[in-house]
Structure formats: C-alpha cells, structure tokens
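Here is the structure we will look at.
In the working numbering, the protein residues as written are 3 to 334.
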C-alpha cells in the first residue's frame with residue numbers, strides 16, 4: 003500500500019531493490035496515491051522486471067493486502083507499508099533462516115523510529131534474537147518474550163510461509179493486529195527470530211489526537227492473547243502466558259489513558275472522566291489488577307491509581323509521568 007510522500011514510497015521500494023537477492027518479486031499496491039508517488043513508482047516498475055505495480059480502488063480494509071497477495075507468486079510473503087524499510091541484507095538473512103529451519107514465521111528485529119523537531123531520528127529496537135518456537139513447551143517459553151518485548155504486535159515486515167499467510171487471510175483476521183499474529187502463531191509449526199535482520203517502522207504516536215477506538219482495540223488484542231494462552235494452558239503450568247497477557251493489557255491501558263489525557267485535541271473534562279471511569283471499572287481491568295497486585299514492581303506510577311480506580315489520580319499521575327519522562331527521570 004502506497005500513500006503520502008513519494009520519498010517515503012521510494013525509500014521503501016529501494017530498500018527492497020537493494021537487497022542481495024535475485025529471486026524476488028516486489029508487488030507494489032497503490033490506492034489513492036499522490037500523483038508524484040504514483041509516477042515515481044511507475045518509472046521504477048518500467049525499469050525493473052521484478053516490480054509488479056497494481057492499482058486498487060476498493061476502500062475496504064485489507065483490500066490492498068488481498069490484491070497484493072493475489073498477485074504474488076513467492077513461497078514466502080512479507081507485507082509492509084510505504085513509510086517502512088529494510089536495512090541492507092536483512093531479507094537474505096531472513097530467507098536463510100526460513101530455508102535452514104523450515105520456519106513458517108521469521109521475525110526480524112524492529113527499529114521503531116520517530117523524528118524530533120530537528121529531524122533527528124530516535125529509535126527503540128525490538129530484538130528478535132533468541133526466538134525459537136517449535137512446540138508447546140517452547141511456545142510457553144518464547145511467547146512471553148514476544149508479548150513483553152512488543153514483537154507480538156508487529157506483523158509488518160515479518161516473513162510468513164505462503165500457506166500460513168493465506169490461512170490467516172482466509173480466516174478474516176485483520177492484518178496489523180495482535181489477533182492476526184496470535185492466529186499465525188497458533189498455526190505455525192516453527193517460529194524463528196532473526197536478530198541480525200533489521201526492519202524500520204514508524205513508532206506509534208499516542209498523543210497526536212484522541213482516538214476513541216483505542217481501548218476497544220487493546221481489549222480485542224488482549225482477548226486474542228488470552229485465547230492463545232488458554233489453548234496452551236496444559237503446558238503453561240506456571241501461568242506465564244496469562245501473566246504476560248495481563249502485563250500487555252496494562253501497557254495498553256496506560257497508553258489509552260495517556261491518549262485520553264495528553265492529546266492536544268482531546269475531549270471535554272466531563273467526557274474524559276466518563277471514559278476514564280469506564281476503563282477503570284471494566285471487568286478486564288479489575289482482573290488485571292487482581293493478577294498483578296503482587297507482581298507490579300516496575301510497572302510505573304499509574305498502577306496504583308488504576309488499582310484504586312481513581313480517575314482524578316490517574317489524570318494527575320499521567321501528567322506527572324509525562325513531565326518526568328521529558329526530564330529523563332525514572333518513573334518506575
């Protein structure tokens with residue numbers, strides 16, 4: 003899917019063209035692309051036989067992904083957006099692992115990039131090293147690493163076997179969601195990380211604008227992780243997956259509260275209080291508090307106010323944590 007600045011689209015495309023692989027098909031799907039971006043991509047496609055450029059007018063979610071998959075012919079599939087890119091040699095390293103281990107999923111390390119007002123890049127790396135899942139026992143050991151490390155929410159840039167990717171699409175799992183990755187993990191025979199391969203993605207911006215659907219997405223994501231944990235309950239005698247799922251929900255809830263309180267174009271104080279109360283009183287939140295009350299060390303300033311279900315304290319601690327983060331003071 004191509005959108006926005008032509009420079010972003012061309013950077014993404016060139017990061018694939020410059021990989022040291024020959025047997026490669028690049029499917030570029032355009033929908034509502036800016037004229038400059040569309041022209042640049044057409045020129046690139048005319049010069050490179052590996053590029054298939056197609057246009058999609060369907061506005062439905064997932065239409066670009068389905069169109070791209072239908073046009074693809076490869077045994078491994080990677081999907082990405084126009085504002086994402088691969089570091090040099092990343093693809094060949096991922097292909098080597100997929101061939102050596104017969105992995106259905108190969109996860110690269112992910113650099114979540116953001117740019118400050120001076121256009122300096124700041125990155126947070128999600129490390130994919132040491133990930134190897136081949137049975138229920140290793141799933142119980144490796145899945146908490148994926149959940150707590152953030153990679154379970156990273157579907158873009160991941161290499162999937164073609165049958166597995168098609169199975170996820172046929173089940174109607176929405177791409178770029180934890181539900182998609184959770185289903186893929188439940189069906190994969192072998193999952194491997196490739197710590198030496200780096201994929202660059204845009205870091206999420208939580209406070210640019212208030213997002214009224216954010217809490218619903220976090221709830222859906224946590225439900226998908228809970229279902230995966232339930233399917234592995236016999237192998238997970240220590241409850242590690244459930245605990246990781248609870249911590250995932252807590253991190254998502256904190257992000258929702260930050261979005262509600264810190265967005266410059268937010269909501270009124272009355273609506274903010276009502277939404278805060280709904281999140282704090284939700285059964286899922288109370289279950290999380292009960293599960294983490296004896297294991298909340300390192301969770302930060304907001305656990306106490308969330309546990310006591312006090313909206314005003316949540317607002318105060320959110321602004322305090324934001325101030326301490328700006329000044330570089332530790333909050334946990």
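For each residue, glycine too, the CB sits at the ideal point set by N, CA and C.
- In this structure, residue 155 sits near residue 180, with a CB-CB distance shorter than 8 Å.
- Under the DSSP assignment, residue 252 falls in the alpha helix (DSSP H) whose first and last residues are 242-264.
- In the DSSP annotation of this structure, the continuous segment of the beta strand (DSSP E) that includes residue 201 starts and ends at 193-204.
- At a Cβ-Cβ threshold of 8 Å, residue 77 and residue 29 do not count as neighbours.
- The C-beta of residue 45 has fewer than 16 other C-beta atoms within 10 Å across all chains shown, which makes the residue exposed.
- Here residue 41 carries a helix assignment [DSSP, helix/strand/coil].
- Rounded to the nearest whole angstrom, the CA to CA distance from residue 143 to residue 184 is 15 Å.
- Pairing residue 122 with residue 147, the inter-Cα distance amounts to about 30 Å.
- Taking 8 Å as the cut-off, the Cβ atoms of residue 194 and residue 259 do not count as close.
- Take residue 223, set aside five residues on each side of it, and the residues of its chain with a beta-carbon closer than 6 Å to its own are 180, in chain order.
- For residue 281, the three-state secondary structure derived from DSSP is helix.
- Inter-segment contact for the stretch 36-44 and the stretch 62-70 is absent: fewer than three beta-carbon pairs are separated by less than 8 Å.
- In this structure, DSSP gives residue 134 an extended state, which the three-state scheme calls strand.
- When 321, 241, 186 and 255 are compared, the shortest CA-CA separation from residue 216 is found for 255.
- In the structure shown, residue 82 falls within a coil segment according to DSSP collapsed to helix, strand and coil.
- For residue 119 and residue 235, the gap between their C-alpha atoms comes out near 47 Å.
- Taking 8 Å as the cut-off, the Cβ atoms of residue 106 and residue 190 count as close.
- Secondary structure at residue 305: helix, using DSSP grouped into helix, strand and coil.
- Judged by pairs of C-beta atoms under 8 Å, the stretch 312-321 touches the stretch 264-281, as three or more such pairs exist.
- Between residue 125 and residue 114, the C-beta gap is smaller than 8 Å, which places the two residues in contact.
- Residue nearest to residue 59 within the set 79, 35, 53 and 102 is 35 (criterion: CA-CA distance).
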